[in-house]
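J.:
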Amino acid sequence: MSRLSPGIVSPLILLGAVLLYPLVFRSNFAVNLGVLVLFLTVLGQSWNIAGGFAGQLSFGHAVFFGVGAYASSILQLKLGAQPWLGLPAAALAGALVGTLIAALSFHAGLRGSYFALITLAFAEAFRILANAVGFTGGGVGLLVPLKPGFASFQLERIGFYYLIAALAAVSVGVAIWLTRSRFGARLAAIRENEDAARALGIDTFREKVKVMALSGALAGAGGCFYAQYFLYIDPSVAFGVDKSVEMLLVAMIGGAGTVYGPLIGAFLLTLIGESTRELTEAQGLSLILYGALLILIIGFLPNGLIDLLRWRRRRA
Amino acid sequence: MLEVRGLTKIFGGLRALDGAALEVAEGSIAALIGPNGAGKTTLFAALTGFVVPDSGSVRFLGQDVTGRRPHAICRQGMVRTFQLTQPFARLTVRENIMVGAYLHTAERALAAEHAEAVARRVGMGELLDRTAAGLTVAARKRMELARALATQPRLLLLDEVMAGLNPSEIGELMPLVRAIRDSGVTVFLIEHVMQAVMSLAERVHVLSYGRVIAQGTPREVAADPRVVEAYLGRGAAQRLAGGAHA
């Protein structure tokens with residue numbers, strides 16, 4: 001296998017560590033840090049499934065995150081739905097928007113950087129729309145009223161930790177499945193050479209739409225989590241370029257197209273983000289550091305940080 | 317098995333295919349030859365759905381497949397290879413061939429088993445774990461062949477599978493093509509290597525300016541003045557004949 005093939009042991013050890021972490025490090029700060037890492041893992045893995053595994057690079061992945069965040073919040077606030085319903089609804093909304101954007105873009109034959117640009121355009125369009133129309137709260141955004149309790153989907157910090165851990169596990173599980181399934185093999189073929197894939201009987205349009213739906217569902221679920229954890233969303237938080245870039249960076253820095261790359265990327269980015277915030281007042285320092293890190297990684301570890309952890313080098 | 321009628325494709329002002337017509341019989345090895353730019357690759361692309369013809373029809377196994385998309389045509393049993401090899405560069409040889417094998421099974425173990433069997437059949441058993449990007453030209457050509465075979469085609473279209481190979485590699489590939497045909501797969505090949513055309517093909521179709529100008533056994537075609545002219549220019553056949561008599 002050219003990708004780091006996960007045995008059965010390493011994911012279980014990892015899972016154990018994730019489950020034990022908040023029991024060992026009990027401070028609010030530590031648990032919050034864990035939540036942020038796992039949350040970014042979900043978003044990075046969502047980008048990774050489309051961009052890393054299937055080679056469909058998106059610059060506007062925030063659109064799925066944002067749609068999920070808004071879908072669950074609007075359901076709860078405007079339609080009075082049970083808050084927990086927001087989670088499947090957000091995943092569904094992300095999948096639908098993923099299907100829509102993919103079907104339109106791929107039907108028009110957009111590939112590579114053109115696809116990246118059109119996803120960016122879609123995210124911007126959604127941001128502007130969310131600003132303009134009434135039911136999204138416009139530029140003011142949506143505030144979920146504080147009402148702690150399980151029924152209102154406002155958990156204790158540790159409850160949220162285990163929820164996002166479950167979502168992260170699902171996202172990593174999807175990535176593992178992609179390394180071992182026919183669907184994943186077809187995505188790899190499309191990523192490597194779309195014409196050859198078509199010649200070998202792969203309906204590339206359909207597979208690409210499917211993977212965007214899957215990726216959209218994960219990011220959408222992440223959006224719902226964000227809204228419930230921070231209890232506030234607005235158009236630029238939900239659909240901003242920052243979020244799209246963050247999702248992409250997590251996967252690229254950790255290792256795009258690998259199972260654990262996003263986890264590594266999320267860990268590092270959260271560490272840099274939080275430590276610069278603790279150490280200095282300078283607002284944009286973390287962004288400068290992300291940028292410098294990205295340059296270093298593209299220069300020296302084009303496959304991402306995960307290459308440092310690989311003991312078996314790929315055969316040339 | 318394959319019937320092509322009046323196939324026409326116009327790119328801008330260029331008639332790449334201009335009413336091309338031919339038939340390939342089941343169980344045979346047929347060759348498509350013609351000068352550079354005659355439209356051979358365009359014809360293959362039109363047969364396999366990569367190019368939608370402006371007019372004309374392609375019937376395969378009794379069904380009209382004109383204008384169907386490539387994956388659908390592959391699923392029907394007609395598969396092509398590319399003149400310039402198109403490997404899945406960062407995947408291993410095994411993974412490359414498995415992509416083809418997955419056409420008929422969703423089971424990973426079965427696909428891997430089938431891929432390995434096909435690899436051994438084309439003499440790539442030793443290279444299964446190598447990354448495709450690191451293969452020699454000859455090995456890449458074999459891998460393309462293996463990938464296509466793994467889809468279990470009825471008709472295999474080989475676009476210059478011998479090009480870029482040295483004589484001994486060509487010598488190794490020819491019996492393989494024959495063995496593929498003997499296993500029940502009809503073979504239709506575009507080839508510039510005349511040694512291969514003459515010894516492999518039972519029927520040769522000559523394409524020039526998008527039309528099939530001659531067809532027959534390799535010997536008949538080689539003796540056809542229209543074919544000589546297509547390659548060497550108008551009047552060449554007469555001059556050659558005149559020179560021989562003088």
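Chains as they are written, first to last, in my numbering: chain A, 1 to 316; chain B, 317 to 562.
Quick reminder that beta carbons are idealized off the backbone N, C-alpha and C, glycines included.
Remember, predicted model here, so these are calculated numbers, not experimental data.
1) Does the beta-carbon distance from M247(A) to G80(A) come in below 7 Å?
2) Under 8 Å between beta-carbons, which chain B residues line up against N193(A)? List them in chain order, please.
3) Hey, would you say T408(B) sits closer than 7 Å to D380(B), going by beta carbons?
4) On the DSSP letters alone, give me the boundaries of the alpha helix (DSSP H) that A188(A) sits inside.
5) Expressed to the nearest angstrom, what Euclidean distance is found between the alpha-carbon atoms of R424(B) and R180(A)?
6) Can N131(A) and P262(A) be called in contact, C-beta distance under 7 Å?
7) In angstroms with no decimal places, state the Cα-to-Cα distance between R315(A) and R470(B).
8) In chain order, what residues of the same chain lie with their CB nearer than 7 Å to the CB of R321(B), ignoring the 5 residues before and after it?
9) Name the chain B residues that come within less than 9 Å of R186(A), Cβ to Cβ?
10) Which same chain residues end up closer than 6 Å to M1(A) when comparing Cβ atoms and leaving out the 5 residues on each side of it in sequence?
11) Please name the residues in the stretch 201 to 220 of chain A whose beta-carbon is closer than 8 Å to at least one beta-carbon of chain B, in chain order.
12) Taking 7 Å as the threshold (beta carbon to beta carbon), is A256(A) in contact with chain B?
13) Let's test the definition: count the other Cβ atoms within 10 Å of the Cβ of V133(A) and tell me whether it reaches 16, buried, or not, exposed.
14) Check whether chain B comes within 7 Å of A189(A), counting only Cβ atoms and requiring the distance to be less than that.
15) Return the first residue and the last residue of the alpha helix (DSSP H) that V520(B) is part of.
16) Counting Cβ pairs, one atom from each stretch, are 3 or more of them under 8 Å apart for the stretch 190 to 206 of chain A and the stretch 23 to 39 of chain A?
17) Using DSSP with H/G/I as helix, E/B as strand and the rest coil, what is A336(B)?
18) Just to confirm, is the Cβ distance from A91(A) to A227(A) under 7 Å?
19) In chain order, what are the residue ranges of uninterrupted alpha helix (DSSP H) at least 4 long that sit wholly in the stretch 83 to 118 of chain A?
20) Taking C-alpha atoms, which residue in G284(A), L19(A), G51(A) lies nearest to V259(A)?
21) Against S105(A), what residues of chain B qualify as contacts under a CB-to-CB distance less than 9 Å, listed in chain order?
22) With DSSP as the reference, label M317(B) as helix, strand or coil.
23) For the stretch 438 to 505 of chain B, which segments carrying the beta strand (DSSP E) assignment without a break, of at least 3 residues, lie completely within its bounds, in sequence order?
24) Start and end of the alpha helix (DSSP H) containing V38(A)?
25) Reducing DSSP to helix, strand and coil, say where I326(B) ends up.
26) Helix or strand or just coil, what does DSSP make of T280(A)?
27) Do S236(A) and V42(A) have their CB atoms nearer than 7 Å?
28) For the beta strand (DSSP E) containing S152(A), name the first residue and the last one.
29) May I ask which residues mark the beginning and end of the beta strand (DSSP E) holding V528(B)?
30) Residues of chain B with a CB under 8 Å from the CB of A50(A): which are they?
31) Closer than 7 Å by beta-carbon distance: list the chain A residues that pair up with T382(B), in chain order.
32) Just to confirm, are F376(B) and L465(B) a CB contact at a threshold of 7 Å?
33) If you measure between the beta carbons of T358(B) and A332(B), is that distance less than 7 Å?
34) Let me make sure I understand the geometry here. Which of D540(B), A455(B), H387(B), E442(B) has the alpha-carbon closest to that of T467(B)?
35) What are the boundary residues of the beta strand (DSSP E) that includes S58(A)?
36) Report all residues from its chain with a CB closer than 6 Å to the CB of E460(B); omit the five preceding and five following residues, and keep chain order.
T.: This is what the structure gives:
1) In this structure, G80(A) does not lie closer than 7 Å to M247(A) by Cβ.
2) Q402, P403, F404, A405, listed in chain order.
3) No, the Cβ-Cβ distance between T408(B) and D380(B) is not below 7 Å.
4) Segment 182 to 192, the alpha helix (DSSP H) holding A188(A).
5) Taking the CA atoms as reference points, R424(B) sits about 7 Å from R180(A).
6) Taking 7 Å as the cut-off, the beta carbon of N131(A) is found no closer than this to the beta carbon of P262(A).
7) Annotation note: pLDDT 41 at R315(A) (below 50); position unreliable, no value reported.
8) So the qualifying residues of the chain are A337, G372, S373.
9) For R186(A), the chain B residues whose C-beta falls within less than 9 Å of its own C-beta are V415, Y418, listed in chain order.
10) Unreliable placement is indicated for M1(A), whose pLDDT of 43 sits below 50; no coordinate value is reported for it.
11) So the close ones are G201, I202, D203, T204.
12) For A256(A), no CB of chain B lies under 7 Å from its own CB, so it is not counted at the interface with that chain.
13) The residue is exposed, with fewer than 16 neighbouring Cβ atoms inside 10 Å.
14) It does: the Cβ of A189(A) has a partner Cβ on chain B nearer than 7 Å.
15) Secondary structure note for V520(B): it is in no alpha helix (DSSP H), and the uninterrupted beta strand (DSSP E) holding it is 519 to 524.
16) Too few Cβ pairs lie closer than 8 Å, so no.
17) Strand, per DSSP.
18) It is not a contact, given that the beta carbons lie outside the stated cut-off.
19) Fully enclosed alpha helix (DSSP H) runs of 4 or longer: 86 to 107.
20) If we check each option's Cα against that of V259(A), G51(A) comes out closest.
21) Going along chain B, no residue has its Cβ under 9 Å from S105(A), so there is no contact; the nearest lies around 18 Å.
22) M317(B): coil per DSSP, three-state reduction.
23) Here the runs fully enclosed are 471 to 475.
24) Inspection of the sequence shows that residue 38(A) is occupied by Leu rather than by Val. Looking at the DSSP string, the run of the alpha helix (DSSP H) that includes L38(A) is 28 to 47.
25) In this structure, I326(B) counts as strand in the three-state DSSP scheme.
26) It is coil, neither helix nor strand.
27) No; because the gap between Cβ atoms is not below 7 Å, this pair is not in contact.
28) Taken as a continuous stretch (DSSP letters only), S152(A) belongs to no beta strand (DSSP E), as it is neither H nor E.
29) From DSSP, the beta strand (DSSP E) with V528(B) extends over 527 to 532.
30) When 8 Å is used as the limit between beta carbons, A50(A) is near no residue of chain B, the shortest such separation being about 17 Å.
31) When 7 Å is used as the limit between beta carbons, T382(B) is near no residue of chain A, the shortest such separation being about 17 Å.
32) Contact annotation: F376(B) and L465(B) have beta-carbon atoms that are not nearer than 7 Å.
33) In this structure, A332(B) lies closer than 7 Å to T358(B) by Cβ.
34) Nearest Cα to T467(B) within the set D540(B), A455(B), H387(B), E442(B): H387(B).
35) The continuous stretches of beta strand (DSSP E) do not include S58(A), and DSSP gives it neither H nor E.
36) Taken in chain order, the residues that qualify are T397, T401.
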